[in-house]
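A.B. asks: Numbering (full-length UniProt numbering), first residue to last: 1 to 498.
Built from N, CA and C at the ideal position, the CB exists for glycine as well.
Here it is, written out as structure tokens:
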């Protein structure tokens, strides 16, 4: 921010200097040229008047050469006087042969012999030197006696103009240097509290304990913003602390009476007559559903109570571990669980997130799969795409698929399946509608995405896409801000979420 402010101030200063110095330089150049022309015209008029008197007195041969010589030395140029018939009366320099034969053909001399003043800036063919030529007629009354031409080199004028431009440039550079120093001080004074405020905001976003940002320096608007930020951070800290307290208290206050209620229902089972057994089973089912709902809500509360950072996990080993854990339960329900796919290595995920994702998806698949069916746990890379490759050519994404052979879901049901508490009309009893919502939240917290698609041949393909680390083999990640509980939530919400 300091660089941008400094660049803005300097750009404004450069614009102001250009708008001021360029016109000033042009005005000076024009005035200097006009001054030289005016001085040359005055000198030419003086020589013309002297030549007229000398010609009338018949002393032109004695007086004019001396006058011309002194004038040329004074102006640092050349002076030439010609008679009306084109004869050279006096000259301060040696005329070239071509110039002496055709002196009246010169535009400025021809104009002066015609009775007109002539001012011409021309470039000499010798040495490429620029000269300013002034020609005036020599006359007495209405009688034309001759012409005077003064030639003044413009090197001195150009030197003065160049010197003026150099002085303007040096002055502009000095002004820019001073403006840069002042702008740097002002930019740092303005940006320092904003940078500090950004640093404290990052600390708050990373889940660190919020500390008050300095609100005593910088512009009034920045101080007001810092004060508002401190109030927001304090309120957020209070809300987070209240949520943590709620999660801790609810975990004890809700789970304990639910466990006691389930125990009481189990104890009265032997005393319930046969005609009331369906009501007891329904009460037990609803109690279990309420317990799972409480567990799911507490899991979401624990996930959202602080910032989490994805870390590299061995996805192949984790899938093999979940296969060993869930295989006995699938066998008990007369279903099969298989693991397929090539090794994909490491993936980035919140600690404990993939375990809960797979537990929810496998639980849903088991509850929705018919007897003797197979549920496939497939680990793979997505289809090759040059836009999604690391520099070493490895894909930037890995996918975990849980594919079952159940009744599947309609497109509308798949679209709404991740909504919290949403249940399909034909969903199994006992579900809470939180399982897939928790899966999606865990996937998003890990930087990935969860999707539901129709499986080939019927059933549902629940996929979770996660990023792969930039370095092969994972490597140590940043420490997580919060570790989620690695506890399966066996909620039957696969094809028809409840």
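So, residue 365 versus residue 313, is the Cβ gap smaller than 7 Å?
C.D. replies: Judged by beta-carbon spacing, residue 313 lies beyond the 7 Å limit of residue 365, meaning their Cβ atoms are not closer than that value.
A.B. asks: Can you give me the C-alpha to C-alpha distance between residue 445 and residue 469, rounded to a whole angstrom?
C.D. replies: 16 Å
A.B. asks: Could you check what DSSP says for residue 470 in three-state terms: helix, strand or coil?
C.D. replies: coil
A.B. asks: Can the beta-carbon of residue 409 be found less than 7 Å from the beta-carbon of residue 460?
C.D. replies: The answer is yes: Cβ separation under 7 Å.
A.B. asks: Is it right to say residue 27 is buried, meaning 16 or more other beta carbons lie within 10 angstroms of its own, or is it exposed?
C.D. replies: Exposed.
A.B. asks: If you check the beta carbons only, do residue 517 and residue 316 fall under 7 Å apart?
C.D. replies: Outside the displayed span of the chain (1 to 498) sits residue 517, for which this structure offers no information.
A.B. asks: Between 437, 131 and 243, which has its C-alpha nearest residue 360's C-alpha?
C.D. replies: 437
A.B. asks: For residue 17, which residues in the same chain have their Cβ closer than 8 Å to its Cβ, ignoring the five residues on either side in sequence?
C.D. replies: 172, 175 and 176
A.B. asks: Using DSSP bridges, identify the partner residues of residue 27.
C.D. replies: Looking at the DSSP assignment, residue 27 forms no beta bridge with any residue, so it has no partner.
A.B. asks: Only counting the same chain, and skipping five residues up and downstream in sequence, which positions put a Cβ closer than 6 Å to that of residue 91?
C.D. replies: 80
A.B. asks: Quick one: using the 10 Å Cβ neighbour count with 16 as the cut-off for buried, is residue 498 buried or exposed?
C.D. replies: Only weak support is given to the placement of residue 498: the predicted model assigns it a pLDDT of 29, under 50, and the question is left unresolved by the model.
A.B. asks: Can you tell which of 74, 288, 245 and 47 has its C-alpha closest to the C-alpha of residue 259?
C.D. replies: 288
A.B. asks: In three-state terms, what does DSSP make of residue 155?
C.D. replies: helix
A.B. asks: Can you list, in chain order, the residues of its chain whose CB lies under 7 Å from that of residue 86, leaving out five sequence neighbours each side?
C.D. replies: In its chain, beyond the 5 residues on either side, 103 and 104 have a beta carbon closer than 7 Å to the beta carbon of residue 86.
A.B. asks: Assuming residue 112 and residue 137 form a contact by the criterion Cβ under 8 Å, report the distance between their Cβ atoms to the nearest whole angstrom.
C.D. replies: 5 Å
A.B. asks: Can you tell me where the alpha helix (DSSP H) with residue 415 in it begins and where it stops?
C.D. replies: In this chain, the alpha helix (DSSP H) harbouring residue 415 covers 411-416.
A.B. asks: Roughly how many angstroms separate the alpha carbons of residue 233 and residue 15, rounded to a whole number?
C.D. replies: 42 Å
A.B. asks: What are the boundary residues of the beta strand (DSSP E) that includes residue 453?
C.D. replies: 449-454
A.B. asks: Roughly how many angstroms separate the alpha carbons of residue 187 and residue 443, rounded to a whole number?
C.D. replies: Put simply, the backbone Cα of residue 187 is about 42 Å away from that of residue 443.
A.B. asks: Mapping DSSP to helix, strand and coil, what is residue 394?
C.D. replies: coil
A.B. asks: Shortest alpha-carbon distance to residue 415 belongs to which of 451, 39, 6 and 94?
C.D. replies: 451
A.B. asks: Which same chain residues, not among the five before or five after residue 98, have their C-beta less than 6 Å away from its C-beta?
C.D. replies: Only weak support is given to the placement of residue 98: the predicted model assigns it a pLDDT of 49, under 50, and the question is left unresolved by the model.
A.B. asks: Could you give the distance in angstroms between the alpha-carbon of residue 140 and the alpha-carbon of residue 154?
C.D. replies: 31 Å
A.B. asks: Quick one: Cα of residue 338 to Cα of residue 193, how far?
C.D. replies: 58 Å
A.B. asks: Taking buried to mean at least 16 other C-beta atoms within 10 Å of its own C-beta, is residue 440 buried or exposed?
C.D. replies: buried
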